[in-house]
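Asker: If you scroll down you'll find the structure; I have some questions about it.
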Amino acid sequence: MKDKVLSFLRKQEGFISGEEISREFSISRAAIWKHINQLKKEGYKILAVPHLGYKLESGPDRLTPQEVSYQLDTKLLGKKIYYYAQTSSTMDEAMRLSLEGAPEGTLILAEAQTKGRGRLGRDWYSPKAKGIYLSTILRPKILPNETPKLTLMVAVACAQAINRITGLHVTIKWPNDLLIKERKLGGILTELNAEADSVKFVVIGIGINVNNPRSSLPAKATSLKEEINETVPRIELLKRILIEIERCYLVFQKEGFGPILEQWRQLSSMLGTRIRVNYKKEHIEGVAIDVDMDGSLLVRKDSGFIERVIAGDIARAR
Ligand code: BTN
Numbered sequence: 007m008k009d010k011v012l013s014f015l016r017k018q019e020g021f022i023s024g025e026e027i028s029r030e031f032s033i034s035r036a037a038i039w040k041h042i043n044q045l046k047k048e049g050y051k052i053l054a055v056p057h058l059g060y061k062l063e064s065g066p067d068r069l070t071p072q073e074v075s076y077q078l079d080t081k082l083l084g085k086k087i088y089y090y091a092q093t094s095s096t097m098d099e100a101m102r103l104s105l106e107g108a109p110e111g112t113l114i115l116a117e118a119q120t121k122g123r124g125r126l127g128r129d130w131y132s133p134k135a136k137g138i139y140l141s142t143i144l145r146p147k148i149l150p151n152e153t154p155k156l157t158l159m160v161a162v163a164c165a166q167a168i169n170r171i172t173g174l175h176v177t178i179k180w181p182n183d184l185l186i187k188e189r190k191l192g193g194i195l196t197e198l199n200a201e202a203d204s205v206k207f208v209v210i211g212i213g214i215n216v217n218n219p220r221s222s223l224p225a226k227a228t229s230l231k232e233e234i235n236e237t238v239p240r241i242e243l244l245k246r247i248l249i250e251i252e253r254c255y256l257v258f259q260k261e262g263f264g265p266i267l268e269q270w271r272q273l274s275s276m277l278g279t280r281i282r283v284n285y286k287k288e289h290i291e292g293v294a295i296d297v298d299m300d301g302s303l304l305v306r307k308d309s310g311f312i313e314r315v316i317a318g319d320i321a322r323a324r
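Heads up: the sequence shown is residues 7 to 324, going by the numbering used here.
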């Protein structure tokens, strides 16, 4: 009932009297008052003025299923949402839910993670309500070695969503770092469950520094708030990310990876430049000439030999 009262308040342009709300739902005004108080406790700002009634002013800055699904214009992503005020990692939850049969598009959100993880065994710092930490489950009909395409696809979608909401130009550093002026803003982590010739499911995790103050960020990292000097509405950004991922995923399913790769190239921060690839104890230096249809990076070494890189970190070579 509380959720129904909230939806009803959302629809109103101005004040709505307690009497009208109680008539709408055939419940007492005392019951309405109880629900309104509960909503206030959850962080909704609701004006209550004698003789006028109630007016919803704003919602909490929390990525609750209710806030995220409100007018969310997607058909697949976020149709089912799991929300955690705190969890170890949304990847763990997503893996568990996938194995239990959660449908494609299921979304797992957390306000904070105690063991957020990044690529190559790194930690992902996930302070409460500052960033966006999500995992989503996809069940694509692809071969296991094609999953890097999905990582690149999600990086493109995130860069476009951030641009739409903040106006900032985000670039992508292969394979999945989201950068603003060479500082890391976010990253994408893909984990999969597959048999030899087919993918059962893919979990894609996204971490974005949204309203983190610079003082709390690792060196060489940034947040959206630091870049535009304004608090960024996380819910709006999250919804846009879901819309863009779904749009790209549809393109991927209908037209293949080609159009996505083209967009990735446009957003890439290092194609055409001299780079160094570090992977465990190996290093390669050369010019990053392209990304291949399977998502691997092609590096032309000084010998002229073109190396295909499937994992690692890249940095500008001096
Ligand atoms: C990277 O750049 O190395 C990838 C970082 C991915 C972080 C996100 S936050 C949500 C999801 N849960 C995790 O534990 N990791 C991913």
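All C-beta atoms in this analysis are idealised placements derived from N, C-alpha and C, irrespective of residue type, glycine included.
Treat the numbers as computed from the prediction; the structure is a model and nothing was measured.
Which value, in whole angstroms, describes the spacing of the CA atoms of Asn-151 and Pro-66?
Answerer: 41 angstroms
Asker: DSSP state of Lys-51, grouped into three classes?
Answerer: In this structure, Lys-51 counts as strand in the three-state DSSP scheme.
Asker: Hey, quick one: how far does the beta strand (DSSP E) through Gly-285 stretch, first residue to last?
Answerer: Reading off the sequence shown, one finds Tyr at residue 285, where the question assumed Gly. From DSSP, the beta strand (DSSP E) with Tyr-285 extends over 280-285.
Asker: What does DSSP give as the partner residue(s) for Leu-184 in the beta ladder?
Answerer: Ile-178, Gly-192
Asker: Less than 7 angstroms separating the beta-carbons of Thr-153 and Ile-210?
Answerer: No, the Cβ-Cβ distance between Thr-153 and Ile-210 is not below 7 angstroms.
Asker: For Gly-49, which residues of its own chain have a beta-carbon under 8 angstroms away from its beta-carbon, when the five flanking residues on both sides are left out?
Answerer: If we look at Gly-49 and ignore the five residues flanking it on each side, its Cβ neighbours are Gly-65, Pro-66, Asp-67, Arg-68.
Asker: Relative to the C-alpha of Leu-83, which candidate in Leu-105, Glu-188, Lys-51, Leu-140 has its C-alpha closest?
Answerer: Leu-140
Asker: What separation, rounded to the nearest whole angstrom, lies between the Cα atoms of Ala-225 and Glu-197?
Answerer: Distance between the alpha carbons of Ala-225 and Glu-197: 26 angstroms.
Asker: Please report the Cβ distance between Leu-45 and Lys-8, rounded to the nearest whole angstrom; I am assuming they are in contact, meaning their Cβ atoms lie under 8 angstroms.
Answerer: 6 angstroms
Asker: Cβ of Tyr-139 versus every heavy atom of the ligand BTN: is any distance shorter than 6 angstroms?
Answerer: yes
Asker: Let me confirm a value: Gly-318 is counted as buried when at least 16 other C-beta atoms fall within 10 Å, else exposed. Which label applies?
Answerer: buried
Asker: Under the DSSP definition of a beta bridge, which residues are partnered with Lys-61?
Answerer: Leu-53
Asker: Since Gly-292 sits in a beta bridge, which residues does DSSP pair it with?
Answerer: Ile-281
Asker: Spell out the partners DSSP gives Arg-314 in its beta bridges.
Answerer: Leu-304
Asker: Can you check DSSP and say which residues form a bridge with Gly-211?
Answerer: Ser-141, Leu-195
Asker: Rounded to the nearest angstrom, what separates Asp-79 and Ala-202 at their Cα positions?
Answerer: When the Cα atoms are used, Asp-79 and Ala-202 turn out to be separated by approximately 36 angstroms.
Asker: CB Asn-215 to CB Gly-137, shorter than 7 angstroms?
Answerer: yes
Asker: Using the Cβ count rule (16 or more neighbours within 10 Å means buried), how would you classify Pro-330?
Answerer: Any property of residue 330 remains undetermined from this structure, which presents the chain solely from 7 to 324.
Asker: For Ala-167, tell me which candidate among Ile-281, Lys-260, Ile-241, Leu-304 has the shortest Cα-Cα distance.
Answerer: Ile-241
Asker: For Val-238, which residues of its own chain have a beta-carbon under 8 angstroms away from its beta-carbon, when the five flanking residues on both sides are left out?
Answerer: Ile-171, Thr-172, Val-216, Asn-217, Leu-230, Lys-231
Asker: If you measure from the CB of Trp-130, is any heavy atom of the ligand BTN nearer than 6 angstroms?
Answerer: yes
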